[in-house]
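There are 2 protein chains.
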Amino acid sequence: MKTSIDCLPCFLRQTVIALRQYGGDETTHMRVLRNVLAIMQETDLHRPPAYTTTFIHRTIRDSIAGDPFEKIKKEYNALALSLYPSLRERVAASPDPLWTASRLAIAGNIIDFGIFTSIDIEKSINESLRPGIAVDAFASFRGDLMETEEILYLLDNAGEIVFDRLLIEELQAGGKHVTAVVKGSPVLNDVTMDDAVQVGLSDVCKVIDNGSDAIGTFLPWTSPGFRARFEKAPLIISKGQGNFETLSGTEKRTYFLFQSKCDVVSRELGLSPCSMLFKRS
Amino acid sequence: MKTSIDCLPCFLRQTVIALRQYGGDETTHMRVLRNVLAIMQETDLHRPPAYTTTFIHRTIRDSIAGDPFEKIKKEYNALALSLYPSLRERVAASPDPLWTASRLAIAGNIIDFGIFTSIDIEKSINESLRPGIAVDAFASFRGDLMETEEILYLLDNAGEIVFDRLLIEELQAGGKHVTAVVKGSPVLNDVTMDDAVQVGLSDVCKVIDNGSDAIGTFLPWTSPGFRARFEKAPLIISKGQGNFETLSGTEKRTYFLFQSKCDVVSRELGLSPCSMLFKRS
């Protein structure tokens, strides 16, 4: 998808959120902001928002020589892990555990910087378990699962990864072989190998990294090893808005599980903001 | 007041609103945005937000060689004028017309780019006429009126100016001599002499311009004639957030009538956003 001019204020909002996470003084903040504003002058509206934000978050990390989200990611993971046992029971006790786990994976996508409170996540969980969501390709997904053993699972955010673990475990219970994909290095609150280890996902399934620090999955920037894996994957589960932005034009059989958190993406999809999607490519 | 880093995303949001009002194509939009981003790199956090936004709106007008808000200002004025007769009656029929008119002047401050719908303004009117608002210096204002004949009235937005006319007429009915002040040239949806003529205010009282295209009233940028007037004014009524940002430190006897429309100003004031204020300097 393309970038809208409406994305530019949001790029700066993300920068301010990163600076608040980092702390520091006003002089540092303005130095980082000046660097980000310079990057934004090069915004290419014909590329996805995630393209520009990748450069922005790289600039932020370079400017402060660190990862502003390192601490909060750990907190999100710990908070989500505390919900794991009850969610696991909820899945097991449900009439259709795969359906329930897939809906909870969409619910978990609400976990994003600064908006995760226990109220938000409970609300998101309850909404995800209602019969109807904005886009629902679950029936097609279940059909496609009959034809494949192998699933490539593109993860998104810290905290959310615990909800993904539930779905991955259900897929494995159904005899599927799942490979989960984390980012190659820190960007925003996206998961890296550290997060997969923290929430125990690395004990549950094979976890690889995509060799990239891009928001979403921008294939030319990923490692040759990941690209080869992506190309031969018979079925891909793609979590989050960033992956949707960068992969929505793919010809691969992909299921996008996410919530449309911003007006621009929602408008692109013809949906109201905060819609839940289980969307087939 | 100072600028917060939280203001920067909002500066860009204002730019996008201006571009949507203007129309034009993506190439133009990005050209304007690049110019604005360059201005924003010079943001001085020690000055009020209105300082930087003045440069931003100047850059927008220069970049498109026009005033993006010209059309919508006329529409806002016309819409507010259609409410004038019933509001006039409401003031006249009220137990304390001066109180009612002053509250309606605060209600009118809700009229800002893109947020003025008939529902918003009705809601704002009803809220303004409740006994309690967040800050209420009306009693002090009434007391000060006893001691002065002359009032300098700093206007704010198109549409809102119709509500100001109600208060000005009430002040005149009480024997006061009111001079209303418009901007020297277009900036955002702030009123200029054209607006005062359109809503008939120029037939009601003396209207002067401040010789400036600044958001709010940045005294060093106003004309010597206006400054002299300002300095000798015994009582000033200041409408809107921009005037509060730029004049909040004044030693002049000033009453700020406005709604705190943004988080940064609300935080500065220790109030919740969208609070209504009748605040003494």
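Chains as they are written, first to last, in the working numbering: chain A, 128 to 408; chain C, 128 to 408.
The C-beta atom is built at its ideal place from N, Cα and C for all residues, glycine as well.
Gln148 (chain A) and Phe196 (chain A) do touch by the CB rule: their CB atoms are close to 6 Å apart, below 8 Å.
At least 8 Å separates the CB of Thr181 (chain A) from every CB of chain C. For Leu384 (chain C), the enclosing beta strand (DSSP E) has its first and last residue at Thr381 to Ser387.
Closer than 8 Å to the CB of Asp239 (chain C) there is not a single CB belonging to chain A. The Cβ neighbour count for His304 (chain A), taken over all protein chains shown within 10 Å, is under 16; the residue is labelled exposed. Under the DSSP assignment, Arg407 (chain C) falls in the beta strand (DSSP E) whose first and last residues are Ser402 to Arg407.
By the Cβ neighbour-count rule, Pro258 (chain A) is exposed, with fewer than 16 other Cβ atoms within 10 Å of its own. A residue is called buried once 16 or more other Cβ atoms fall within 10 Å of its Cβ, and Glu372 (chain A) is buried on that count. Residue contact with chain C for Met128 (chain A): absent (no Cβ-Cβ distance below 8 Å to any residue of chain C). A residue is called buried once 16 or more other Cβ atoms fall within 10 Å of its Cβ, and Gly235 (chain A) is buried on that count.
Assignment of Ile199 (chain C) by DSSP, reduced to helix, strand and coil, places it in the helix class.
Leu256 (chain C) and Pro224 (chain C) have their C-alpha atoms roughly 12 Å apart. Between the C-alpha atoms of Ile335 (chain C) and Gly311 (chain C) there is a straight-line separation of about 9 Å.
Assignment of Lys333 (chain A) by DSSP, reduced to helix, strand and coil, places it in the strand class. Taking the C-beta atoms as reference points, Leu293 (chain C) is found nearer than 8 Å to Arg215 (chain C). Just measuring C-alpha positions, the residue of A:Gly151, A:Ile278 and A:Phe290 sitting nearest Ala205 (chain A) is A:Phe290. Along the stretch 289-322 of chain A, there is no position whose C-beta sits under 8 Å from a C-beta of chain C. For Val143 (chain C), the C-beta contacts it makes with chain A under 8 Å involve Ile132, Asp133, Leu135 and Pro136, in order along the chain.
Here Lys359 (chain A) carries a helix assignment [DSSP, helix/strand/coil]. Close partners of Arg140 (chain C) in chain A (Cβ separation under 7 Å): Pro136.
The C-beta of Leu146 (chain C) comes closer than 8 Å to at least one C-beta of chain A.
Residues are counted here when their Cβ sits less than 8 Å from a Cβ of chain C; for the stretch 148-171 of chain A these are Glu153, His156, Met157, Leu160, Arg161, Leu164, Ala165, Met167, Gln168 and Thr170, given in chain order. If you draw a 10 Å sphere on the C-beta of Ala300 (chain C), you find fewer than 16 other C-beta atoms in it, and that means exposed. Rounded to whole angstroms, the gap between the alpha carbons of Arg269 (chain A) and Thr275 (chain A) is 10 Å. For Glu395 (chain A), the enclosing alpha helix (DSSP H) covers residues Asp390 to Leu396. Between the beta-carbon of Asp194 (chain C) and that of Pro347 (chain C) there is about 24 Å, and that puts the pair past the 8 Å contact cut. Counting along the chain, the unbroken beta strand (DSSP E) around Glu277 (chain C) starts and ends at Glu277 to Leu281. Rounded to whole angstroms, the gap between the alpha carbons of Ser251 (chain C) and Ala219 (chain A) is 51 Å. Secondary structure note for Ala307 (chain C): its beta strand (DSSP E) is the uninterrupted segment His304 to Val309. Taking C-beta atoms as the reference points, Leu384 (chain A) and Ile364 (chain A) count as a pair closer than 8 Å. Annotated three-state conformation of Val262 (chain C) is strand, per DSSP. By the CB criterion at 8 Å, Gln168 (chain A) and Ala165 (chain C) fall inside the cutoff. Lys406 (chain A) places its beta carbon less than 8 Å from that of Ala264 (chain A).
In the structure shown, Lys366 (chain C) adopts extended strand secondary structure according to DSSP, grouped into three states.
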